[in-house]
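Residue numbers (full-length UniProt numbering): 1 to 367.
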């Protein structure tokens, strides 16, 4: 079979399968693309003599067109975050060209490690020209590692060019790994509109006024409410009009209510929450320093819980600020209770937990 015929057959197979996948539910599309479609062309990629350039230009182009369509990503949005691992807020997707490199690596390693001396000699003779790019890998995991490192760097560069480079680095650096797997599990079960919204949130391709202005779709980059530049950070936690309207307070109180409701059945305890329908924490602390939630256990142990919900870049800043704010209160209460524990819950708008939120884990474990 000629290379042209082989390329045509692979392309037809790829188009036929992906067009059928396109008719399914979003989560099924991603799953079948990764586990079925790429597997169907593995054998062809292993034995073929076609070039990697053709795979990149043809099959990668088809795949990215459909992925953008499924995830409702505009042409201006980078796909780099989609290719990352789940624990880095990606979808663990790879492109056909990456699968091609994996297959070629397997083929080359089979020659190199053969028990037949002639076959090993064949590997040595052919370790030139285009095969050099496959011989640098020790296994297929190295191929994936290189692919994801490249896309993580590309995502960082893309966000840096938008003036928001610290966003992704902050959620990777300051979020709690124990919660990241939980986030990806919950994320995979979200409705399509919220699922796609979160992906566009991560790569900063949501239609904020700043983005619309950059795309030539708006005459101004300013917020229509407060007239400050409307970036993603501004919308999520920086608009004074939204603050005065109580939008950020509603978000905070919704999370606090969920935490409080989960603690209602704790035995031998009394709870105070800074929400309507609960006894106010000021009964114990006074009005000057009033944490979000207090939980006393047999009047011997006092848990002081403070919650912050904000933009991802502020995860650590928020937790540090709250800890410093309540140091005096903690010291005062240590004169009354046998043990005082500060539970510092810092959550991002996207649902990521800061490292200090491990104190919530510790409290739940103790209870």
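Using N, Cα and C, we set each Cβ at its ideal position, and we do this for glycine too.
Distance between beta carbons of residue j and residue i, contact taken as under 8 Å
i	j	result
residue 304	residue 291	5 Å
residue 281	residue 293	7 Å
residue 279	residue 309	Contact doesn't hold; Cβ gap of about 23 Å is too wide.
residue 18	residue 62	7 Å
residue 99	residue 182	The pair is not a contact, with the Cβ atoms about 29 Å apart (cut-off 8 Å).
residue 334	residue 340	5 Å
residue 240	residue 226	5 Å
Residue i vs residue j beta-carbon contact at 9 Å
i	j	result
residue 311	residue 236	yes
residue 54	residue 102	no
residue 107	residue 47	yes
residue 307	residue 252	yes
residue 232	residue 249	no
residue 83	residue 33	no
residue 194	residue 147	no
residue 28	residue 21	yes
residue 259	residue 360	yes
residue 272	residue 299	no
residue 71	residue 212	no
residue 285	residue 319	no
residue 86	residue 180	yes
residue 104	residue 52	yes
Per DSSP, the bridge partner or partners of residue i
i	result
residue 273	293
residue 222	229
residue 351	DSSP lists no partner for residue 351.
Start-to-end residues for the beta strand (DSSP E) that takes in residue i
i	result
residue 342	339-348
residue 303	301-310
Residue i - containing alpha helix (DSSP H), residue span
i	result
residue 245	240-245
residue 61	60-71
residue 44	42-47
residue 158	140-161
residue 266	Looking at the DSSP string, residue 266 is not in any alpha helix (DSSP H), and its letter there is neither H nor E.
residue 14	3-21
residue 318	315-325
residue 287	Premise fails: residue 287 is in no alpha helix (DSSP H) and is neither H nor E.
residue 123	117-125
residue 55	Looking at the DSSP string, residue 55 is not in any alpha helix (DSSP H), and its letter there is neither H nor E.
residue 85	No alpha helix (DSSP H) contains residue 85, which DSSP labels as neither H nor E.
residue 201	192-202
residue 209	209-214
residue 25	Neither: residue 25 is in no alpha helix (DSSP H) and is coded neither H nor E.
residue 77	Residue 77 -> no alpha helix (DSSP H), and no H or E assigned at all.
residue 359	358-366
Would you call the segment 141-156 and the segment 317-327 touching, i.e. three or more CB-CB distances under 8 Å? no
Evaluate contact between the segment 76-96 and the segment 202-211, counting only Cβ atoms and requiring at least three cross-stretch pairs below 8 Å. yes
Check whether the segment 206-225 and the segment 108-123 touch, using three or more Cβ-Cβ pairs below 8 Å as the test. no
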